[in-house]
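What follows is a single structure, written as structure tokens, with notes after it.
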Amino acid sequence: MAGLFAKSASLFLINLVIFLYLSCSTANLTASTTTTSAVKTPSRFATKLIHRDSALSPYYNPNTSIKDRAISTLKRSRARLACLGAKAGFSSDDDTRAGLVAEDSGAQFMANFSIGEPPVPQLLTIDTGSNLLWVQCLPCTKCFEQTSPIFDPSKSSTYNQLPCSSPYCTISSSDKCDPSNNCKFSHTYLDSTKVAGLVGTEIFTFETSDEGISTVPNVVFGCAQDNDGYNGQPSGIIGLGPSNISLANHMGSKFSYCIGSIRDPNYPHNQLVLGDGAKIEGTSTPLEVYNELYYLTLESISLAERRLEIDPQIFKRTESGTGGTVIDSGTTVSFLATGAYYMLRDEVRKLLDGRLEKVEEPGVPSGLCYKGNIREDLTGFPDVVLNFAGGAEVGLDVESAFQDYGEGEFCMAVQVSPEGSDLNVVGIMAQQHYNVAYDLAASQVYFQRIDCQLLDD
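Right, here's the structure in full:
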């Protein structure tokens, strides 16, 4: 695998990276489509994931300080939380869901893939909170800069436009057809950026984790040609959301990801698996889809083998759709509703006050921060355990429960949701050291604590 990444570095135009974006961009989706024909897809596709702060990431800046990186991570997580909260608040019959977030806030991971024949490498952001796969295409009336070549569908022998008469092009409140009767799509984001274009089908070629090649035909995707204000290294987004147009469902309704470390910029074993061959092991908990977000039933939180006295209603979604607990790949830190957060914070303080010096971190106004080194000064600190329905548990060790802020300081990597928001979010830091598997057909999520290197092909 090291050879693969070395080749990608020297021949970047033949490799591309997909970011586990994780930005909520399901709004104004005017095309709800699936594959245009029943095709046999690979039963298992596995590829490496590269975190945005990895040395292999186009976002990587070796001169960025640990503190600046941590503050930036928290800002992006808060923007992502705003996205999720806005998306969760839509009524279920709202077909014109407004764009929800700036495109950069959910970018977390990447992987390699190409589109078309001959294949053209693309850098895409992946998001469990999005559905449609889209890439920037030529000719574009408004183009944004990207690190990979812009895909030109006219030069691909396998590209097909989807007519708006197709049963897979479903209308929303906005028009779905262009003057030539082709199916259209549009996404508008919370920061007013917009991408729009036509929907088509194309062959996608993936570099697998064992340096092989896997092709998936007839993937429905948006060819974005009118892109106003979008600015990012990626050339688009791959959605792993619950809709039938998402790549996850195209590949058989199962996918998994294993996140071993997001701290180490050289960690090579984070990976994504798509298809029925995804590793579905561990203890499961029911998965509920609401407004195209993935919800889990969090029942309690434990610390030092003791369940905290938190009203379980804090973790539940109300009849009006507010609150609840979302699992998300685009949020780095985790968030808890006010009552749960302060109960956990106070218990952590009981264990650390008097043992370490508490400090105020201006970038974390409501956070809990201390002087010290996570690995050295938190030896023996108990896991924070999230207890889910069905007996599934996610244990946050010190590297998942705390974040390094440099200069001999660290802060708790669980933050309080803003006033007025009751949403709880299980972020990607909390999912470190786990293989997290989604079985959309069975409505289950599986957690298996594991060394991700053991899953390498």
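Take the sequence shown: its letters are residues -27 to -1, 1 to 430, numbered as in mature numbering (1 follows the signal peptide of the UniProt record, and there is no 0). C-beta: ideal position from N, C-alpha, C; glycine also. No experiment lies behind these values; they were computed from the predicted model shown.
Spatial distance of residue i from residue j (CA atoms)
i           : j      : result
Glu372      : Ser103 : 28 Å
Leu247      : Met83  : 14 Å
Ala313      : Gly345 : 25 Å
Asp319      : Ala403 : 19 Å
Ala386      : Ala374 : 5 Å
residue 432 : Glu366 : Any answer about residue 432 is impossible in this case: the structure gives the chain only from -27 up to 430.
Trp107      : Asn133 : 14 Å
Tyr411      : Ile253 : 8 Å
Leu413      : Met224 : 11 Å
Val299      : Asn264 : 11 Å
Thr3        : Lys149 : Model confidence at Thr3 stands at a pLDDT of 40, short of 50, so the residue's coordinates are unreliable; what they give is reported in the following sentence. Cα-Cα distance, rounded: 6 Å.
Asn191      : Leu97  : 18 Å
Asn154      : Gly195 : 15 Å
Thr120      : Pro207 : 7 Å
Gly336      : Glu118 : 30 Å
Cys342      : Val321 : 11 Å
Ser416      : Ser216 : 13 Å
Leu29       : Glu180 : 16 Å
Gly233      : Gln405 : 5 Å
Leu427      : Val409 : 14 Å
Asn85       : Tyr162 : 25 Å
Lys60       : Gly89  : 32 Å
Pro31       : Tyr407 : 25 Å
Leu260      : Tyr268 : 6 Å
Arg280      : Asn222 : 37 Å
His160      : Gln421 : 35 Å
residue 435 : Pro122 : Since the first and last residues shown for the chain are -27 and 430, residue 435 lies out of range.
Ile218      : Gly353 : 46 Å
Leu329      : Pro92  : 55 Å
Asp429      : Lys48  : 32 Å
Val262      : Gly294 : 12 Å
Leu22       : Pro241 : 8 Å
residue 434 : Ile283 : No information on residue 434 is available, as it lies outside the stretch -27 to 430 that the chain covers here.
Leu351      : Phe383 : 11 Å
Leu309      : Ser129 : 47 Å
Lys157      : Gly173 : 9 Å
Gly381      : Ala43  : 13 Å
Range of the contiguous alpha helix (DSSP H) that encloses residue i
i      : result
Ser372 : Checking the sequence, you will find Glu at residue 372 rather than Ser. Element bounds for Glu372: Val371 to Ala374.
Gly312 : Thr311 to Leu325
Thr46  : Ile39 to Ala61
Asp350 : Ile347 to Asp350
Start and end residues, beta strand (DSSP E) containing residue i
i      : result
Leu220 : Careful: Leu220 lies outside any beta strand (DSSP E), inside the alpha helix (DSSP H) at Leu220 to His223.
Arg422 : Gln417 to Arg422
Ile88  : Phe86 to Ile88
Asn360 : Val357 to Phe361
Ser97  : Just to set this straight, residue 97 is Leu in the shown sequence, not Ser. Segment Leu97 to Asp100, the beta strand (DSSP E) holding Leu97.
Thr161 : Lys157 to Thr161
Ser275 : Leu271 to Leu276
Cys342 : Cys342 to Lys344
Asp412 : Tyr407 to Asp412
Cys113 : It is not in any beta strand (DSSP E) - Cys113 carries neither H nor E in the DSSP assignment.
Asn397 : Asn397 to Val399
Phe124 : No beta strand (DSSP E) contains Phe124, which DSSP labels as neither H nor E.
Phe354 : From DSSP, Phe354 is part of no beta strand (DSSP E); its letter is neither H nor E.
Sub-9 Å separation of residue i and residue j beta-carbons
i           : j      : result
Cys137      : Asp151 : yes
Asp100      : Ile211 : yes
residue 441 : Thr258 : Because the chain in this structure spans residues -27 to 430, residue 441 falls outside the shown range and cannot be described.
Asn239      : Gln109 : no
Gln81       : Arg25  : yes
Gln198      : Leu171 : yes
Ile176      : Thr131 : yes
Val389      : Leu57  : no
Val168      : Thr178 : no
Leu213      : Ser307 : no
Ser87       : Leu111 : no
Gly297      : Leu396 : yes
Gly400      : Thr311 : no
Lys331      : Leu324 : no
Pro391      : Arg53  : no
Tyr378      : Glu334 : yes
Gln95       : Gly255 : no
Short CB-CB distance (under 9 Å) between residue i and chain B
i      : result
Leu111 : Here there is only one protein chain, and chain B is not present.
>> Three Cβ pairs or more, each shorter than 8 Å: is that satisfied between the region 238 to 255 and the region 220 to 230?
In response: yes
>> I'd like the ranges of any alpha helix (DSSP H) spanning at least 4 consecutive residues and lying wholly in the region 186 to 262.
In response: 220 to 223
> When the Cβ atoms of the region 264 to 274 are set against those of the region 286 to 306, are three or more pairs found closer than 8 Å?
Replying inline: yes
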